[in-house]
Amino acid sequence: MDRLQYEVSVKEQNLSEKAPNLAVLAEYKEKTDLFIQRTNELEDVTLHRNKARQFLEEVRQQRLSEFLDGYSIITHKLKEMYQMLTLGGDAELELVDSLDPFSEGIVFSVRPPKKSWKNISNLSGGEKTLSSLALVFALHYYKPSPLFVMDEIDAALDFKNVSIVGNYIKDRTKNAQFIIISLRSNMFELADHLIGIFKTWDCTKSVTINPKAYGKNSRPVEPPIVT
222 MDRLQYEVSV
232 KEQNLSEKAP
242 NLAVLAEYKE
252 KTDLFIQRTN
262 ELEDVTLHRN
272 KARQFLEEVR
282 QQRLSEFLDG
292 YSIITHKLKE
302 MYQMLTLGGD
312 AELELVDSLD
322 PFSEGIVFSV
332 RPPKKSWKNI
342 SNLSGGEKTL
352 SSLALVFALH
362 YYKPSPLFVM
372 DEIDAALDFK
382 NVSIVGNYIK
392 DRTKNAQFII
402 ISLRSNMFEL
412 ADHLIGIFKT
422 WDCTKSVTIN
432 PKAYGKNSRP
442 VEPPIVT
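Numbering follows the numbering used here, in which position 27 of the sequence shown is assigned residue number 248; successive positions increment by one, without gaps.
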């Protein structure tokens with residue numbers, strides 16, 4: 222009996238020495254509230270991230286769709302333009318990576334009349350000019366521009382091709398304006414207005430001419446003004 226009482230007293234003493242730390246409960250509540258706050262913040266950030274990812278994916282798909290639509294139209298028109306300019310050739314735009322067309326670019330190949338397929342970098346000067354013009358005209362068809370400035374695009378072309386290009390540009394002036402720098406008579410004789418630039422006595426001067434005023438059935442006109 223004495224032994225049991227001794228053990229009870231020892232236990233009571235130990236219990237009194239180890240009083241509960243009630244501050245732990247307050248700290249636990251504080252940590253719990255902080256955890257809930259951080260969890261809510263994480264969910265909010267995750268939601269915004271997912272929305273941003275979804276928007277980015279939608280933009281990527283829209284970009285790809287619009288690019289492929291434009292690519293198809295331009296490729297079809299390029300063939301038509303090149304055949305018209307070369308009187309029978311063929312042209313092709315090919316995606317290097319069809320799964321990701323923005324990563325590797327596009328290969329531009331043409332087949333001049335009675336010749337094999339070639340990359341545009343392996344063409345002669347005149348062939349490069351016709352190929353480039355065909356692409357420019359195809360792009361103009363897809364997304365028209367109100368003004369074009371072309372610097373001696375006919376320099377490497379023979380007489381026949383200069384006439385073909387000149388007459389096509391003349392027809393396109395219904396929907397756009399073209400400023401063309403040329404030294405070829407069969408090009409600038411098709412122009413609506415001519416501006417000549419020349420140098421005399423170390424001074425640069427210009428003269429403007431309306432070719433229509435000098436036609437066979439035109440009335441006498443004042444000589445062109447030189448400035």
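Glycine included, every Cβ here is placed at the ideal spot set by N, Cα and C. Source: prediction; values computed, not measured.
Counting every other CB atom within 10 Å of its CB across the protein chains shown gives F288 a total below 16, marking it as exposed. Between M305 and I416, the gap from beta carbon to beta carbon reaches 9 Å or more.
Looking at V317, K336, F323, K335, the one whose alpha-carbon comes closest to that of F329 is V317. If you draw a 10 Å sphere on the C-beta of E348, you find 16 or more other C-beta atoms in it, and that means buried.
Secondary structure of I385 (DSSP, three-state): helix.
When DSSP assignments are scanned along the segment 290-330, the uninterrupted stretches of beta strand (DSSP E) that are 3 or more residues long and fall wholly within it turn out to be 311-316. Bounds of any alpha helix (DSSP H) do not take in S427; it lies within the beta strand (DSSP E) bounded by 424-430. Straight through space, the alpha carbons of W422 and I327 are spaced by roughly 50 Å. Here Y303 is buried. Its C-beta has 16 or more other C-beta atoms within 10 Å.
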